[in-house]
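Q: Take the position in the sequence shown, starting the count at 1, then add 4; the result is the number in the numbering used here.
This is the structure, below, for whatever I ask next.
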Amino acid sequence: MNNKLKDNQLDECDLTLGEIARISDAFVRILAGVIHTRGRYPEEMLKSQSVVG
């Protein structure tokens, strides 16, 4: 977002800096939710060990 602001790409839009910050925060939350890895629970580790052994 900062690069877009520095390049004046958002000069003619009707968004305030506060709105742009909220949009940026929303993107970060969405991407974090999509990219995160799921932790393994003890039951899952036991199941994978019993299948192998």
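For every residue, glycine included, the Cβ atom is placed at its ideal position computed from N, Cα and C.
Just so we're clear, the structure is a prediction, and the values are computed from it rather than from any experiment.
Under 8 angstroms between the Cβ atoms of ILE34 and MET5?
A: Here the question's residue 34 lines up with position 30 in the sequence shown. Here the question's residue 5 lines up with position 1 in the sequence shown. Not a contact, by the Cβ cut-off of 8 angstroms.
Q: Starting from GLY37, trace the alpha helix (DSSP H) both ways and give me its first and last residue.
A: If you number the sequence shown from 1, residue 37 lands on position 33. Per DSSP, GLY37 belongs to the alpha helix (DSSP H) from 21 to 39.
Q: Can you name the start and end residues of the alpha helix (DSSP H) that LEU9 belongs to?
A: Residue numbering aside, residue 9 sits at position 5 when the sequence shown is read from its first letter. Where LEU9 is concerned, the enclosing alpha helix (DSSP H) stretches over 6 to 10.
Q: Identify whether GLU47 lies in helix, strand or coil by the three-state DSSP scheme.
A: In the sequence shown, residue 47 corresponds to position 43, counting from 1. Helix at GLU47.
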